[in-house]
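In the numbering used here, the protein residues as written are 191 to 347. For every residue, glycine included, the Cβ atom is placed at its ideal position computed from N, Cα and C.
What follows is the structure, encoded as structure tokens:
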């Protein structure tokens with residue numbers, strides 16, 4: 191019996207001109223996903239840049255924020271306090287509209303925080319969409335900052 195005739199006799203094959211159409215589509219999808227995952231694998235892991243945005247803990251955030259080259263940004267609304275050394279406060283949902291208040295150099299490190307991490311998660315993606323390439327986010331926000339025994343400046347009057 192020829193291969194073409196065999197396909198026609200397989201039970202459940204509603205498309206006798208094609209061999210296992212559902213399974214072929216699934217296999218093709220899996221192959222595409224696998225190829226995409228493998229494409230991201232480096233060979234030496236050398237000096238690859240850190241991915242941005244990055245979620246960092248309180249201690250790493252404090253170290254990054256202490257640098258004179260870092261722009262520290264509070265995106266929480268309403269104002270419930272500020273980490274000392276903050277360079278700007280822009281509501282998380284107004285970053286695009288307030289882009290002129292951000293550093294003009296898109297390579298500047300921007301350290302972003304809010305109260306718990308929810309607003310900053312939106313903000314860091316918006317900053318990446320605006321072209322900023324070195325964005326870090328405080329994991330847990332000001333709540334984590336205070337839980338680590340660090341002080342907040344009171345809200346502006």
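- By the Cβ neighbour-count rule, residue 327 is buried, with 16 or more other Cβ atoms within 10 Å of its own.
- Contact between residue 261 and residue 278 holds, since their C-beta atoms are separated by about 7 Å, short of 8 Å.
- Here residue 289 has 320 as same chain residues with Cβ atoms under 7 Å from its own Cβ, once five neighbours each way along the sequence are excluded.
- One alpha carbon belongs to residue 264, the other to residue 307, and they sit about 11 Å apart.
- Under the 8 Å Cβ criterion, the stretch 265 to 274 does not count as touching the stretch 291 to 298, having fewer than three qualifying pairs.
- When the Cα atoms are used, residue 312 and residue 304 turn out to be separated by approximately 10 Å.
- Annotated as proximal: residue 276 and residue 343, with beta-carbon spacing under 9 Å.
- For residue 250, the secondary structure class from DSSP, reduced to helix, strand or coil, is helix.
- By the neighbour-count criterion, in which 16 or more other beta carbons inside 10 Å mark a residue as buried, residue 257 falls on the exposed side.
- Around residue 297, the same chain offers 323 and 324 as residues with beta carbons nearer than 7 Å, after the five sequence neighbours per side are excluded.
- It is roughly 23 Å from the alpha-carbon of residue 280 to the alpha-carbon of residue 249.
- Residue 274 and residue 283 have their C-alpha atoms spaced approximately 22 Å apart.
- When beta bridges are read from the DSSP output, residue 261 appears opposite 300.
- When the Cα atoms are used, residue 336 and residue 253 turn out to be separated by approximately 16 Å.
- Short of 8 Å from the beta carbon of residue 341, and not among the five residues preceding or following it, lie these beta carbons of its own chain, in chain order: 274.
- Counting along the chain, residue 328 sits inside the beta strand (DSSP E) bounded by residues 325 to 328.
- DSSP, read as helix, strand or coil, puts residue 331 in helix.
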